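Going left to right, the sequence shown walks through residues -20 to -1, 1 to 526 as mature numbering (1 follows the signal peptide of the UniProt record, and there is no 0) numbers them. Each residue gets a CB set at the ideal place from its N, CA and C atoms; glycine is no exception. Nothing here was measured: the structure is a model prediction, and the numbers come from that model.
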Amino acid sequence: MARILAITAGAACLANTASAVSPPGKPWWDPDHDKGGWKHHGGWGWGKPTKGHGPPGYPSATSAASPTGTAGGLPLVDSEALQASILEENLSEKALELQEAAYSTPNRNRVFSSPGHANTLDLITGYLDQYPDYFSYYRQPFTALYSQASGYLTIDGVNQSASVLEYSPSGDVSAPFVAVNNLGCEASDYPEEVDGAIALISRGECEFGLKSSLAGAAGAVAAVVYNNVEGTLGGGTLGEPPRPEGPYVPSLFTTMENGTAILNALDAGEVTGDLFVNSVIENRTTYNIIAQTVGGDQSNVLAVGGHSDSVFAGPGINDDGSGIIGILETALQLSAYSVNNAVRFCFWSAEEFGLLGSEHYVTTLNASEVEKIRLYLNFDMIASPNYMFGIYDGDGSAFNLSGPPGSAEAEAFFEDWFAANGLNSVPTEFSGRSDYGPFLDAGIPAGGLFTGAEVEKTEEEAALFGGTAGVAFDPNYHAVGDNYTNLNFEAFVANTKAIAAAVAEYGTSFDSIPAGNSTTKVKRSPSGVKRRGSRLCNHDHAKNLL
């Protein structure tokens, strides 16, 4: 069955981000970098307010916190009070607004650079505009390669469950399958028979892009990579071309079940597949939104983030509508308080196809700006219907993949918070496969929360969190059904309160976080592969690079 995807790639860096602490009366960012941002349109967001009045049920916007904390009449942030201000009804309202941002457009999604994504950005800034004295924000533009692709795989006229790997070239082939040796990560794994055939390759160890390019170098006319774990299909990406190993060939990703069935059939004789991919690719401009408290020490910054885009298939209200709503709601409630340390709220674009927004942001920071970010916290899918409470494994004790100093302390903070609130939690692999990845690569400590994607819940996890074993944490992951009805509000509220607790903790003090050291890099995953835009299925999500 054909699956339509939106495909993006990184391109030119068009803007730098926050500069050093600004002189009085100057913004903390360079306004020359805020070019071409969309205006509010279609009524999205609250619009520009009359100064002194916030949205109903939210703090007044009459005064801002000063750069040193409590001046301006605002009390220092109180963790318990900030957590208590997180209400299900507010999260629910914003989730419905976000769904309408997608459903009011022809394709009913929020894929980057689409009308639905433009609505999403306006929705976010419309709320931020209610507090012009509390937050400064800008839209950071960058260019990314956009495409929609459709494709299918049939064997003996029967459609097989398969998805197009992003950056796959177009192609229409009918050819026999040839199984590739090992995991297809070396040129020697590709037998001579691959020439003119469809290479059948197991997932694992190396990037999809390497497998496709090695298949191309060996003369294959197409490649089908089959999953190495059971469960529903997630998305996958070849990564931005070109690669030195060889040209990409039309490439699909299929299930372990399908791959095993083809292998078994090959033992009995030849198996012919019909494979089709159609890709249309073009450069588009998109925007990150970077908002920061005016108050607090601008040289000691807590950054929190999630991604504002969805996949092409649906509105993405859990992935990652839940994360950006949780972050936004925390920001709005924080406006009732002052902070000792500045808090930066980041809404990344084009995450779904390579972490492009966060990658652009971090790689355009100069060294002094990197040093100012004491900790980055990532919130991507925090309301999965068959949820777990996952905490990124900052100390590496569970998955042997650790973050820079401070990541372990962030993990411990969340572990303590869940325990104190009578909730179980588990570590989730911290391998750089979400928007925290570029921060880890820059030596910035990171942490965050995750409620699961396409991987099936185990019996042990069902005992810890309830729900149904043998069913994906999010059965609607990257699908049309990821809408408002897909949200689990028990998980949504709990995780947003945890966000609020972290913002209060680190907005007050970084005493528990080691001093910055941007030369410390994340412990890399197997084979030393840099996981730009990649995530394994093991308690992680989005477009997988390997």
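Within the DSSP secondary-structure output, Tyr372 pairs in a beta bridge with Thr408. When secondary structure is reduced to three states using DSSP, Thr212 falls in the coil class, being assigned neither helix nor strand. Secondary structure at Tyr367: coil, using DSSP grouped into helix, strand and coil. For Ala316, no alpha helix (DSSP H) run applies, since DSSP gives it neither H nor E.
Uninterrupted beta strand (DSSP E) stretches at least 3 residues long and entirely within the region 90 to 157 occur at 115 to 135, 138 to 140 and 142 to 144, given in chain order. Partner residues in a beta bridge of Tyr228, as assigned by DSSP, do not exist. Burial of Glu309 is indicated by the presence of at least 16 other C-beta atoms within 10 angstroms of its C-beta. Under DSSP, the beta-bridge partners assigned to Gly428 are Asn358.
Beta bridge pairing from DSSP links Phe233 with Ser143 and Val205. Excluding its 5 nearest sequence neighbours in each direction, Pro221 has C-beta neighbours in its own chain below 7 Å: Tyr147 and Tyr228, listed in chain order. The beta carbons of Gly487 and Gly151 sit no closer together than 8 Å. C-alpha of Tyr367 to C-alpha of Gly176: approximately 44 Å in a straight line.
Phe419 and Ala484 have their C-alpha atoms some 21 Å from each other. According to the DSSP assignment, Asn475 belongs to the alpha helix (DSSP H) that extends over Phe469 to Thr488. Closest in alpha carbon position to Glu439, among Ala400, Phe430, Tyr464 and Phe453, is Phe453.
For Asn70, the enclosing alpha helix (DSSP H) stretches over residues Glu68 to Tyr83. Within the region 277 to 340, complete beta strand (DSSP E) segments of at least 3 residues are found at 277 to 287 and 321 to 328, given in chain order.
Beta-bridge annotation (DSSP): Gln272 is paired with Ser116 and Arg324. Looking at Ala155, Phe122, Gly184 and Glu69, the one whose alpha-carbon comes closest to that of Glu166 is Gly184. One Cα belongs to Phe157, the other to His458, and the distance between them is close to 28 Å. Gly286 is a Cβ neighbour of Phe359, given a cutoff of 8 Å. Per DSSP, Ala197 is one residue of the alpha helix (DSSP H) stretching across Phe188 to Ala197. As the crow flies, the alpha-carbon of Arg324 is around 18 Å from that of Leu335. Shown here for Ala271: same chain residues with a beta carbon closer than 6 Å to its own, the five before and five after excluded, namely Leu108, Phe115, Tyr117 and Phe325 in chain order. In the structure shown, Gly253 falls within a strand segment according to DSSP collapsed to helix, strand and coil.
DSSP, read as helix, strand or coil, puts Leu246 in helix.
Three or more Cβ pairs closer than 8 Å define a contact, and the region 129 to 144 meets that threshold against the region 232 to 245. With contacts defined as CB atoms closer than 8 Å, Ala75 and Ile297 qualify as a contacting pair.
Classified as exposed, Gly249 has fewer than 16 neighbouring CB atoms from the shown chains inside 10 Å of its CB. Around the beta carbon of Asn401, a 10 Å sphere encloses fewer than 16 other beta carbons of the protein chains shown; the residue is thus reported as exposed.
In terms of Cα proximity to Ser489, the closest of Asn258, Asn139 and Leu282 is Leu282. Its Cα nearest to that of Ile269, the residue Ile104 stands out among Ile104, Ile371, Glu73 and Glu332.
Ranked by Cα distance from Phe398, the options Ser382, Ile479, Arg413 and Gly376 are led by Ile479. In this structure, the straight-line span from the alpha carbon of Ala159 to that of Asp289 is close to 36 Å. In the structure shown, Tyr464 adopts helical secondary structure according to DSSP, grouped into three states. Sequence-distant partners of Ala378 (beyond 5 residues in either direction) whose C-beta falls short of 7 Å from its own C-beta, in its chain, are Pro407.
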